[in-house]
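Peer 1:
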Amino acid sequence: MSKNNIIRPYGDTSGDGKMQLSFSLPVPPDAFGKEAARLLLERIGFDNIEITCLRDLREGYTHFIAYAVTSASVDTSKIKVKVVETPVMDMEATDAYISEHIGRKLTVVGACIESDAHTVGIDAIMNMKGYNHRFGLERYQMFNAINMGAQVPSEDLLARARKEKADAILVSQVVTQKNIHIKNLTRLIELAEAERLRDKMLFICGGPRISHELAIELGYDAGFGTGSYSTDVASFIAITLAARAVKA
Amino acid sequence: MSKNNIIRPYGDTSGDGKMQLSFSLPVPPDAFGKEAARLLLERIGFDNIEITCLRDLREGYTHFIAYAVTSASVDTSKIKVKVVETPVMDMEATDAYISEHIGRKLTVVGACIESDAHTVGIDAIMNMKGYNHRFGLERYQMFNAINMGAQVPSEDLLARARKEKADAILVSQVVTQKNIHIKNLTRLIELAEAERLRDKMLFICGGPRISHELAIELGYDAGFGTGSYSTDVASFIAITLAARAVKA
Amino acid sequence: MLKLDIDPKLKTRARTAAARIAGSFAWLFDDYSSLAIERTVLRLMGIDGALEDGKPLPNVVVDHLQAKNALLRGAAIPVANAMLSRGLNAQEVAEAVGRGELDLSELPEAPPEQLYKVLDKLSTQMLARIRGQREKRDKLFAEYGPRRVPAIYVIVATGNIYEDAVQAKAAATEGADIIAVIRSTAQSLLDFVPYGATTVGFGGTFATQENFRIMRAALDEVSEQQKRYISLTNYASGLCMPEIAAMGAMERLDLMLNDAMYGILFRDINPKRTLLDQYFSRMVNAYAGIEIQTGEDNYLTTSDAIEKAYTVTASQLLNEQFALLSGVKPEKMGLGHAYEIDPEQENSFSYELAHALLTKELFPDSPVKYMPPTKFASGNIFKTHLMDAMFNFVGQLTHQGVQLLGMMTEAIHTPHLADRSLAIENAQYIFKAVKDLGDNLALAPNSFVNRRAGEVLREAVEFLEMVAEDGLFKAMERGEFADIKRPENGGKGLEGVFRKDAQYFNPFLEKMKQELGL
Amino acid sequence: MLKLDIDPKLKTRARTAAARIAGSFAWLFDDYSSLAIERTVLRLMGIDGALEDGKPLPNVVVDHLQAKNALLRGAAIPVANAMLSRGLNAQEVAEAVGRGELDLSELPEAPPEQLYKVLDKLSTQMLARIRGQREKRDKLFAEYGPRRVPAIYVIVATGNIYEDAVQAKAAATEGADIIAVIRSTAQSLLDFVPYGATTVGFGGTFATQENFRIMRAALDEVSEQQKRYISLTNYASGLCMPEIAAMGAMERLDLMLNDAMYGILFRDINPKRTLLDQYFSRMVNAYAGIEIQTGEDNYLTTSDAIEKAYTVTASQLLNEQFALLSGVKPEKMGLGHAYEIDPEQENSFSYELAHALLTKELFPDSPVKYMPPTKFASGNIFKTHLMDAMFNFVGQLTHQGVQLLGMMTEAIHTPHLADRSLAIENAQYIFKAVKDLGDNLALAPNSFVNRRAGEVLREAVEFLEMVAEDGLFKAMERGEFADIKRPENGGKGLEGVFRKDAQYFNPFLEKMKQELGL
Ligand code: B12
Ligand code: B12
Ligand SMILES: Cc1ncc(COP(=O)(O)O)c(C=O)c1O
Ligand SMILES: Cc1ncc(COP(=O)(O)O)c(C=O)c1O
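Quick look at the structure:
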């Protein structure tokens, strides 16, 4: 660990700045190509560049593997992480918390929206059997969990949420190619705003490339990435809604 | 392939700038650490940063795997590669060439200098049996090849070269930790200059982290990296010395 | 030689139950047709192209007929009738319908012999074209030699067919034997096949006939250079199963994802529609000499690979029986299996060895489509690369037919050029390292691997016998497959299924059945 | 169970020839000593520290005695004499010599009984300390449980012992069982052991007693946290073989690189010096309960792993016989073997399986030191990672004793923190995946693996019988080992070998021989 706040990558000597890279370029696998790769890394700002491997990808491309040194650093005292800040309670505690602080079952409606059919993530959060030894929301006494499944049009999700008077909407987005998840999530929020639903319920999204920070940016109340559990979401919903109830 | 000279890394769309990285930082494997990693990559200048993996290295370190996009590019029309420019002839052709253009056997003295004991590389170039179906210099009719082996002090190598009236010195450097190879190679050239041997013979170096460019920078006549063969070196020596003989 | 010690009686029971299940659908296959089948007939008659809004002419014509309540005898006769009546070819008929200039239900009806004659000519032509493609493939394989076992199969999925073509050529040159163009997300739910070359897709590239053609041309080029026939594959699944099969047959695709039940379970397509469409699409594949590939791997992406291993075996047996009904030969049945065992599982490799050997044991002639670890692939590319190596190891050790190479970036993005190349390098290294290892080894009697394989087969037999007893649709309704409940009359596309009337005629179905000896 | 089918007669012939060769050096072991041995004696008597110029006191004293021609009866007696004569302890004697204040050759000679008494006391003390370390190790193993098989062994090599300690702790916490601190380049050629903690080294960190202590303390800390005894290893090779062994014994190293012939062949150290030094150093190791590790892998870094496989077997057999002469028990003999087969070789895995099984077959009780691919490791880290996975696979499948994890950056740099962690991840994944796979498998009779193992053993037997006939030194002179010619009187360090005179006395040698039953 470094003594001060300024940190740099570590290879085998503190702060040596060593990084491993690999990338492909439209150049031949020869000295010319290697020099192109070196120049690219130099252009990015790396020093001590070692191109350790050239792999002929055919059709005019070459794959490079490299080690290089960066002089960039990060001041850890300045890092601000946007994370969900509510504490995480287990199922029993969450149920008890809701009983005590809200006093009624909460309704959540979940779906993989638009073209996305990856239900495993949302199922992990919602389905009875849950994930990694945490039961899903369906199992909670104080949640009425409705899982609409795969490829649900945003319109349908909102309609159902309105119909069920949902307290929260849970959206999953797993496919991210060409940032399709950003487009879909943005459209959902815009529709919700147009339909004056945005302020009536919590909007929560999740998926392997979703962070809380991104979610906030997109206008959601929270975002959950890889390794999230029902407990995280349930606690967040319970505590946030309880707080709002107090305020209101 | 890109239509113009400006190239960028290629993931799955021309010029998308995608690169893979991995590195370690003295931060914990959590959201805070992840943000530190993201900031570092941002600081270096990457966009679209995806930290795909955090691996707990213990003792306060975390290993990150990431994909990110660089906006850096290289203009291939401006690349100048320093490569050995003499054509490569096979053993018979080289022997014939020396007979015809120089008319006598050439003496070369080779060694792994200083603390380096990695003789496989220099042996590949010099020993009878050679490497990858190319015989070594000992097998050539027109070379008198003396291989001094491992851990030869620079002084001893120069003394022997002087004694044998060598036409070329072949130095191998494989260990590169803390740039020891640069130090050793520089010292050899300085000694040679001090002893007025530098201009009496060719100085050639080789090793996995040696490039022709580096060799030139260090004051050598040529440098040979990974995948070099006796044929490369033999041709270079023969043609360069023949040219010098003509000039002289 | 690694050979399991399996009770032959169990094998017989397994096949008997599966045959009973598949055999119970004669009513469906004989008496029904679907919009997709009719569109296929039109495509085979030579109708292609699309309206300006993108709607393909086969859809235009079939929808027109349905709207006019004129589809029950099939699409072939009305179009043949219009050809005779107007002196047009099939394409011109479709275009005229598309322009709204022609109402197929209002034309005078030509005598049946004339209609049959027109259709006989068209179907003879098209079947000759398809046979021609089959023969060309056979010729090229004969010339260049057969595919390696396991064959190296990689995917391209940029969304842009031109970018795909470059990547496919690169991969083939590096050693890939089979290129799969992954389809754009959810194409299976489109009730039409997009027209023309496409450059935008999500998580894959649209399956269109023009895209097939572009890719086939690119691979023919590499085959010629490499003196190795490079096969092409795509997906005949979803609401356009038979259409895509037909396009593949015309454009010389060599393999086709084509599962009997995938659409039902994993795409919520109506059970009847799916079984019916698969019946005809597989017949097209059989006729074209296309190797079908089934989707058993899908069971394991949502269920546990050990607990639910028997569902894979059961599905393989069902896929086999359905395929036989469509005339697919065992050596063209790429039944699916996947290495989806949790790497945290102790002896994961031994479990997988048991499962992979069981597949080989049950289907010795099948070019098994062996799928890589995906579920437990993570953002740790180094670890995923190792899991793929173990997968490649088992593939070579047990001589699976087709190795769908895993990518170290499986959990991150659709493959980059370098990812695919590293996957090929991985396979080539492992395949070479353990080339004949299997010949050195034997299974210890009563070893875990033997016991485990027996256990999975037993579970599969019990499951199939239960399904045979209750009926497939009932079992699906109860969620017996993949824990997903699919009612007989639920799901997408049921409205596209109709009962044929007495005049129904499908010239291709008849001829292919005959030639395939069905 | 994977078990080779090997002719037992061949095994007997192999051991007989090796024993004949090792047994022919009684003249050397009985009648000679070396500077290194004498320095070791001094260290064991308690002399440590160095002059300002870095020259260690044991060297100062021994060089002094040699210069005064007073070394032939060993260093123990003169120093004991000075202790008596001046009333100093051993360290003070050495310091006085270092300051030039004391000439050991000019002191009046105390009566032998008194000298022996001093030495008896000192040697009893030191041997008790060493036994204490051995017992502590045994106790900790008994408490925490034995090492896993194969044990996970990783190297640290930053050059800076403090940086090494952090990396070692990280690795041990992640799962490493054994930490090896790689020595700085060419330390074996130094005729002294540097003193104190060091922070600069090349390609490794200097072996010094203080460095041993620092690392041992770091690992004891982790052992305690992890409730798993983490072993430490270093190199007792080169011109200071016995000194480093003694330092290791004092500081509780648990394993020691300690090959009978490595110095001769790979470091051009004089053959007599090497054999003599290894004899004594191994006795120290045996006494301290330290597991020795031999360097057969080195043969394969310069020669072809298939063609010269028999040299590994021959060297293992010789190392075994020499070790027995020094009192090392088979279960403390980590004989070396390496996975150095060209990945381009077809069936590389099967070749390696044969070689690895042969080692196990010949030395069933040896905690074989199994080395990873290094020669064919390349700058392609992804490929190297796969080669390491195959190595880990064979290690677990054949239950080798100690797995020296390969690093994916083997061809690039000494390991970074993350490289080592990825190597551990690789091993842990593979070890778990194929945990009991071996129990499922048997070798097909007359399979390639069986035939190949038999062939290697036959070649080794023929080679050893030839060497036994000609004599080891003659064979080395002719370059029969590793294609390197080493004349009996060539190489470094011959001047440090001397014939003991009649008064020679080495209290440690005597006592250890007795206790070890030699
Ligand atoms: C299983 C799987 C499938 C299955 C899906 C089955 C199903 N019913 O879900 C099948 C086989 C059907 C499938 C198909 C396809 N897939 Co897919 N698939 C995967 C795979 C292997 C695993 C995904 C998974 O289940 N992860 C496990 C779950 C538990 O993790 P998770 O989704 O991240 O969820 C966790 C968190 O993110 C969070 N979370 C997720 N959602 C939510 C929501 C809320 C509200 C909250 C609070 C939290 C939360 O909590 C969960 C638990 O911790 C991945 C590769 C991989 N290893 O990641 C590819 C992958 C996701 N698929 C991919 C693709 C491209 C496809 C296809 C489009 C391919 C094609 N053209 O055919 C199709 C089409 C699917 C479609 N229309 O969307 C790509 C996506 C690439 C990208 N980044 O854009 C991947 C990465 C594979 C690849 N490298 O190409 N796939
Ligand atoms: C074999 C080997 C050894 C053998 C060497 C045996 C011998 N007689 O050479 C042994 C086991 C003795 C050894 C020991 C050590 N090694 Co070592 N070793 C290697 C290994 C595995 C292979 C090197 C090799 O033989 N390559 C094959 C040859 C053919 O390639 P080459 O050297 O690049 O040569 C080619 C070209 O470069 C060129 N070339 C080379 N020299 C010359 C000269 C001329 C004139 C020309 C024209 C061309 C030329 O032509 C050759 C043919 O194409 C590498 C790892 C690896 N896979 O690269 C580590 C490696 C080189 N070793 C390393 C280290 C640290 C050591 C030690 C210092 C470790 C230790 N502390 O004990 C010791 C000490 C050695 C010393 N004093 O130098 C490190 C170096 C790290 C660094 N970059 O600084 C490596 C990279 C391993 C690692 N990751 O830690 N090693
Ligand atoms: C049989 C089968 N068809 C089709 C697909 C995917 O295509 P789509 O997403 O269009 O359903 C898969 C995917 O695994 C499959 O197994
Ligand atoms: C037995 C043995 N000793 C020592 C070493 C390396 O140490 P050095 O470079 O100091 O000789 C090795 C390296 O492989 C070895 O095998």
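Residue numbers (our numbering), protein chains in the order written: chain V, 23 to 270; chain G, 23 to 270; chain Z, 306 to 823; chain D, 306 to 823. For every residue, glycine included, the Cβ atom is placed at its ideal position computed from N, Cα and C.
Going straight from the alpha carbon of alanine 723/D to that of valine 471/D, what length do you get?
Peer 2: On the fourth sequence, residue 723/D is found 418 positions in, with the first residue counted as 1. On the fourth sequence, residue 471/D is found 166 positions in, with the first residue counted as 1. Looking at the two C-alpha atoms, the distance is approximately 13 Å.
Peer 1: Within the 8 Å Cβ cut-off, does aspartate 34/V reach chain D?
Peer 2: Mapped onto the first sequence, residue 34/V falls at position 12. True, the Cβ-Cβ gap to chain D drops below 8 Å.
Peer 1: Please state whether DSSP places proline 361/D in a helix, a strand or coil.
Peer 2: The residue you call residue 361/D lines up with position 56 of the fourth sequence. Residue state for proline 361/D is assigned as strand, using DSSP reduced to three classes.
Peer 1: Can you list, in chain order, the residues of the segment 673–702 of chain D whose Cβ is nearer than 7 Å to any Cβ on chain Z?
Peer 2: Phe687, Lys688, His690, Leu691, Ala694 and Met695
Peer 1: Examine ligand 1 and report whether any of its heavy atoms sits within less than 7 Å of the Cβ of serine 137/V.
Peer 2: Within the first sequence, residue 137/V is the residue found at index 115, counting from 1. Checking the Cβ of serine 137/V against ligand 1 gives yes.
Peer 1: Would you be able to state if there are at least three C-beta pairs under 8 Å between the segment 709–727 of chain D and the segment 675–692 of chain D?
Peer 2: yes
Peer 1: Identify the contact partners of tyrosine 644/Z in chain D, using a Cβ-Cβ distance below 9 Å as the criterion.
Peer 2: Position 339 of the third sequence, counting from 1, holds the residue named residue 644/Z. Simply none; closest approach about 11 Å.
Peer 1: Count the other CB atoms, across all protein chains shown, that sit within 10 Å of the CB of proline 451/Z; report buried if there are 16 or more and exposed otherwise.
Peer 2: As a position in the third sequence, residue 451/Z is number 146, starting the count at 1. Exposed.
Peer 1: Could you check where the beta strand (DSSP E) with glycine 641/D kicks off and where it finishes?
Peer 2: In the fourth sequence, counting from the first residue as 1, residue 641/D sits at position 336. Unbroken beta strand (DSSP E) run through glycine 641/D: 641–643.
Peer 1: Could you tell me whether the segment 751–761 of chain Z touches the segment 497–516 of chain Z, where touching means 3 or more Cβ pairs closer than 8 Å?
Peer 2: no
Peer 1: Which of the three DSSP states is assigned to arginine 557/Z in this structure?
Peer 2: Numbered from 1 along the third sequence, position 252 holds the residue referred to as residue 557/Z. Three-state result, arginine 557/Z: coil.
Peer 1: For a test of your reading of the model: does the CB of glycine 553/D fall under 7 Å from any non-hydrogen atom of ligand 4? Yes or no.
Peer 2: Within the fourth sequence, residue 553/D is the residue found at index 248, counting from 1. No, since every heavy atom of ligand 4 falls outside the 7 Å radius drawn around the Cβ of glycine 553/D.
Peer 1: At a cut-off of 7 Å, would you count alanine 491/Z as near ligand 3, judging by its Cβ distance to the nearest heavy atom?
Peer 2: Locating residue 491/Z in the third sequence gives position 186, counting from the first residue. Correct: alanine 491/Z has its Cβ closer than 7 Å to ligand 3.
Peer 1: Between methionine 676/D and lysine 665/D, what straight-line distance do the alpha-carbon atoms span, to the nearest angstrom?
Peer 2: Translated into the one-based positions of the fourth sequence, residue 676/D becomes position 371. Translated into the one-based positions of the fourth sequence, residue 665/D becomes position 360. Going by the C-alpha atoms only, they are around 14 Å apart.
Peer 1: Going by DSSP in three states, lysine 187/G sits in which element: helix, strand or coil?
Peer 2: Start at 1 with the first residue of the second sequence, and residue 187/G comes out as number 165. Note: lysine 187/G maps to coil in three-state DSSP.
Peer 1: So, does the CB of lysine 474/Z fall closer than 8 Å to a CB anywhere in chain V?
Peer 2: Position 169 of the third sequence, counted from the first residue, corresponds to residue 474/Z. The beta carbon of lysine 474/Z falls within 8 Å of a beta carbon belonging to chain V, placing the residue at that interface.
Peer 1: Going by DSSP in three states, asparagine 465/Z sits in which element: helix, strand or coil?
Peer 2: The residue given as residue 465/Z occupies position 160 in the third sequence. Coil, per DSSP.
Peer 1: Using 10 angstroms around the beta-carbon of threonine 317/D, count the other beta-carbons present and answer buried if the total reaches 16, otherwise exposed.
Peer 2: To locate residue 317/D, count along the fourth sequence from 1; it is residue 12. Exposed.
Peer 1: Shorter than 8 Å from the beta carbon of phenylalanine 511/D to some beta carbon of chain G?
Peer 2: Numbered from its first residue, the fourth sequence carries residue 511/D at position 206. With 8 Å as the cut-off, phenylalanine 511/D does not count as an interface residue toward chain G.
Peer 1: Would you be able to state if there are at least three C-beta pairs under 8 Å between the segment 168–186 of chain V and the segment 235–249 of chain V?
Peer 2: Contact between the segment 235–249 of chain V and the segment 168–186 of chain V is absent, because fewer than three Cβ pairs lie under 8 Å.
Peer 1: Give the residues from the segment 74–96 of chain G that approach chain Z closer than 8 Å (Cβ to any Cβ), ordered along the chain.
Peer 2: Listed in sequence order: Thr74, Cys75, Arg77, Ile87 and Tyr89.
Peer 1: Can you have a look at alanine 738/Z and say buried or exposed, based on whether 16 or more other CB atoms are within 10 angstroms of its CB?
Peer 2: Position 433 of the third sequence holds residue 738/Z. Buried, because 16 or more other Cβ atoms sit within 10 Å of the Cβ of alanine 738/Z.
Peer 1: Report the neighbours of glutamate 730/Z on chain D: residues whose CB is nearer than 9 Å to its CB, in chain order.
Peer 2: Translated into positions along the third sequence, residue 730/Z becomes position 425. Correct list: Asn685, Phe687, Lys688 and Leu691.
Peer 1: To the nearest angstrom, how far is it from the Cα of phenylalanine 696/D to the Cα of tyrosine 32/G?
Peer 2: For the purposes of this step, residue 696/D is taken as the residue at position 391 of the fourth sequence. For the purposes of this step, residue 32/G is taken as the residue at position 10 of the second sequence. The alpha-carbon atoms of phenylalanine 696/D and tyrosine 32/G are separated by roughly 33 Å.
Peer 1: Do the segment 586–598 of chain Z and the segment 423–442 of chain Z touch if we need at least three Cβ pairs shorter than 8 Å?
Peer 2: With the cut-off at 8 Å, the segment 586–598 of chain Z and the segment 423–442 of chain Z touch.
Peer 1: Can you confirm whether lysine 222/G, when its beta carbon is compared against all beta carbons of chain Z, has any partner nearer than 8 Å?
Peer 2: Here residue 222/G refers to the residue found at position 200 of the second sequence. Closer than 8 Å: no.
Peer 1: Could you tell me the alpha carbon to alpha carbon distance between asparagine 70/G and histidine 203/V, rounded to whole angstroms?
Peer 2: Position 48 of the second sequence, counted from the first residue, corresponds to residue 70/G. Position 181 of the first sequence, counted from the first residue, corresponds to residue 203/V. Cα-Cα distance, rounded: 14 Å.
Peer 1: Compute the beta-carbon to beta-carbon distance between arginine 533/D and threonine 510/D, rounded to the nearest angstrom, for a pair I have assumed lies under 8 Å.
Peer 2: Numbered from 1 along the fourth sequence, position 228 holds the residue referred to as residue 533/D. Numbered from 1 along the fourth sequence, position 205 holds the residue referred to as residue 510/D. Rounded, the Cβ-Cβ distance is 24 Å, inconsistent with contact.
Peer 1: Candidates Ile569/D, Pro672/D and Gly600/D: which alpha carbon is nearest asparagine 794/D's?
Peer 2: The count along the fourth sequence starts at 1 and reaches residue 794/D at position 489. If we check each option's Cα against that of asparagine 794/D, Ile569/D comes out closest.
Peer 1: Compare the C-alpha of glycine 827/D against each of Val673/D, Leu746/D and Ile435/D and name the closest.
Peer 2: Within the shown structure, residues of chain D are numbered from 306 to 823, placing residue 827/D beyond reach of any answer.
Peer 1: Please confirm if isoleucine 204/G has its CB atom under 8 Å from at least one CB of chain D.
Peer 2: Start at 1 with the first residue of the second sequence, and residue 204/G comes out as number 182. Not closer than 8 Å to any Cβ of chain D, the Cβ of isoleucine 204/G fails to qualify, so no.
Peer 1: Just to confirm the assignment, what range does the alpha helix (DSSP H) spanning histidine 660/Z have?
Peer 2: One-based indexing of the third sequence puts residue 660/Z at position 355. Counting along the chain, the alpha helix (DSSP H) containing histidine 660/Z begins and ends at 653–667.
Peer 1: Can you pull the chain G residues whose beta carbon is under 7 Å from the beta carbon of threonine 463/Z, in chain order?
Peer 2: Position 158 of the third sequence, counting from 1, holds the residue named residue 463/Z. In chain order: Asp34 and Thr35.
Peer 1: Nearest by alpha-carbon distance to isoleucine 211/V: which of Met223/V, Ala256/V and Val91/V is it?
Peer 2: Working through the first sequence from its first residue, we reach residue 211/V at position 189. For the residues Met223/V, Ala256/V and Val91/V, the minimum Cα distance to isoleucine 211/V belongs to Met223/V.
Peer 1: DSSP three-state label for alanine 485/Z, please.
Peer 2: Residue numbering aside, residue 485/Z sits at position 180 when the third sequence is read from its first letter. In the structure shown, the three-state DSSP call for alanine 485/Z is strand.
Peer 1: Flag this pair as yes or no: are the beta carbons of aspartate 861/D and serine 752/Z separated by less than 8 Å?
Peer 2: With chain D covering only 306 through 823, there is no way to say anything about residue 861/D.
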